[in-house]
Amino acid sequence: MGILKNLFITVKVFLRISLVILNNIYCCPTYFIWMLVFQPLRWLKPRLYWHIEGKFFHWLLAMVSMWSWSAGYAIAEAGDDIRQCTEARTLVLVNHQSTGDVPMLMAALNPKRGVLPNIMWIMDKIFKYTNFGAISTLHEDFFILSGRTQREQAIVELRQHIRNSYIPRKRKWMMLFPEGGFLRKRREVSQRYAAKNNLPQLQHVSLPRLGAVGAIFEELHPDEEEICTDKLGNTAIFPPDRFGRRDNDTLGYVLDITIGYPQGNPIDLPTIIMGQRDPCTTTLFYRLYPISHVPYGKEELTRWLYDRWEEKEHMLDAFYRSGQFPSRHTGYSSSPLPPTQLAQSPLRFLMLHLLFMTSSFFHYKLIEFGYAYFNSVGPL
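Count along the sequence shown starting at 1, add 14, and that's the number in the working numbering.
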């Protein structure tokens with residue numbers, strides 16, 4: 015029986031790897047070709063171009079969502095109702111455990127209308143040199159430099175990207191992993207820093223870094239009116255200095271997502287592709303904060319972040335022991351919803367496969383025709 019099971023898993027892994035490679039072949043090139051075809055719209059009708067690009071980007075992420083769904087890796091959602099922020103500018107903060115975090119988040123957001131077309135991912139610059147990195151470059155996601163020596167330059171570039179891309183492209187959600195790396199790589203460094211600075215020792219998460227979060231807040235936090243009183247008691251109210259920004263150019267919410275893997279065993283990208291692990295459910299716990307409820311200022315924001323991550327530690331500890339995040343009586347969420355398993359649409363997956371395969375076949379025949387035509391004409 016053990017031999018048959020191992021044989022089944024081996025065949026399954028081989029087939030899934032082949033299908034994922036094939037999926038990339040008929041999805042990625044046709045995306046690039048369509049973006050090249052629509053390139054004139056980028057200058058003539060930029061809003062239309064970015065609307066079309068956002069649709070294609072969502073469809074590609076739906077393909078990635080299908081990888082985890084087809085392997086039996088389901089997603090359950092718990093915590094606050096986040097429907098009110100899907101159309102608002104929202105900074106999303108997520109704990110980072112493995113290479114599977116991003117595909118699982120893509121799967122969670124795939125059924126939510128309007129989120130993935132208008133999202134901006136902030137990821138390590140190393141991912142820029144992958145096939146999906148090229149797609150993210152066209153979508154104008156941000157690739158952040160890692161390492162202490164390049165930290166200041168990375169923050170400067172992030173500020174520029176927010177001004178030159180995130181705001182003009184009318185992006186909504188901005189995805190950030192404040193820990194700056196995977197838990198297994200960051201835990202020891204985080205614990206040493208905590209010991210030196212009298213901070214909590216965390217096991218299930220690592221301490222978040224303020225750099226990118228602080229820069230995002232300084233660029234997108236709604237400015238407040240300044241009230242000044244002179245020596246004679248006269249009061250003047252000065253409007254906020256927005257540097258030309260409009261109200262809808264500022265953040266509306268901060269969404270804190272805690273990813274809980276079964277038994278604390280993260281799913282990584284190779285596992286999602288190969289599907290050799292038994293089917294399981296990953297739970298995402300949402301905590302939504304209106305921007306007015308989040309403190310603004312370096313020390314206050316740092317304390318607020320540390321408090322949220324310390325709460326994540328307690329929440330994950332409870333989750334790993336019981337299989338469930340804490341209930342509504344613990345105060346971690348203002349109005350938590352019961353865990354609900356997310357449903358994907360097999361019909362939509364099928365239609366997207368047919369769309370990309372038909373599109374790839376059309377582009378292939380078009381290139382083949384052009385090649386044959388120029389060969390028949392010959393040199394002038």
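Where is the CB? At the ideal position from N, CA and C, for every residue including glycine.
Is there a C-beta anywhere in chain C that falls below 8 angstroms from the one on residue i?
i           : result
residue 100 : You won't find chain C in this structure, because it holds only one protein chain.
Quick check: the Cα distance between residue i and residue j, rounded to an integer number of angstroms?
i           : j           : result
residue 82  : residue 279 : 16 angstroms
residue 109 : residue 312 : 21 angstroms
residue 225 : residue 169 : 7 angstroms
residue 307 : residue 337 : 30 angstroms
residue 28  : residue 287 : 10 angstroms
residue 324 : residue 354 : 25 angstroms
residue 252 : residue 236 : Since pLDDT at residue 252 reaches only 40, below the 50 mark, its modelled position is unreliable, and no value is offered.
residue 271 : residue 194 : 15 angstroms
residue 275 : residue 281 : 7 angstroms
residue 222 : residue 39  : 37 angstroms
residue 231 : residue 141 : 25 angstroms
residue 388 : residue 382 : 10 angstroms
residue 189 : residue 127 : 17 angstroms
residue 79  : residue 368 : 16 angstroms
Could you give the first and the last residue of the continuous alpha helix (DSSP H) run that contains residue i?
i           : result
residue 105 : Segment 104-108 is the beta strand (DSSP E) holding residue 105; no alpha helix (DSSP H) there.
residue 166 : 165-175
residue 41  : 16-51
residue 71  : 60-84
residue 207 : 197-210
residue 225 : 225-234
residue 283 : 283-288
residue 117 : 115-123
Return the first residue and the last residue of the beta strand (DSSP E) that residue i is part of.
i           : result
residue 92  : 87-93
residue 321 : Careful: residue 321 lies outside any beta strand (DSSP E), inside the alpha helix (DSSP H) at 312-336.
residue 146 : No beta strand (DSSP E) holds residue 146; the alpha helix (DSSP H) holding it covers 145-153.
residue 138 : 133-138
residue 270 : 267-274
residue 304 : 294-304
residue 351 : 351-355
residue 190 : 187-190
residue 156 : 156-158
Take the Cβ of residue i as the centre, count every other Cβ of all protein chains shown within 10 Å, and call the residue buried at 16 or more, exposed below.
i           : result
residue 96  : buried
residue 265 : buried
residue 118 : buried
residue 18  : exposed
residue 322 : buried
residue 57  : exposed
residue 124 : buried
residue 98  : exposed
residue 340 : buried
residue 378 : exposed
Please report the Cβ distance between residue i and residue j, rounded to the nearest whole angstrom; I am assuming they are in contact, meaning their Cβ atoms lie under 8 angstroms.
i           : j           : result
residue 94  : residue 350 : 7 angstroms
residue 320 : residue 197 : About 16 angstroms; that fails the 8 angstroms criterion.
residue 366 : residue 73  : 5 angstroms
* To do: Answer yes if the stretch 283-298 comes into contact with the stretch 181-196, meaning at least three C-beta pairs across the two stretches below 8 angstroms, and no otherwise.
  => no
* Asked: Should the stretch 128-136 be called in touch with the stretch 64-78, which here means at least 3 C-beta pairs below 8 angstroms?
  -> Touching, yes, given that three or more Cβ pairs across the two stretches are closer than 8 angstroms.
* Are three or more beta carbon pairs between the stretch 52-63 and the stretch 79-93 nearer than 8 angstroms? -> no
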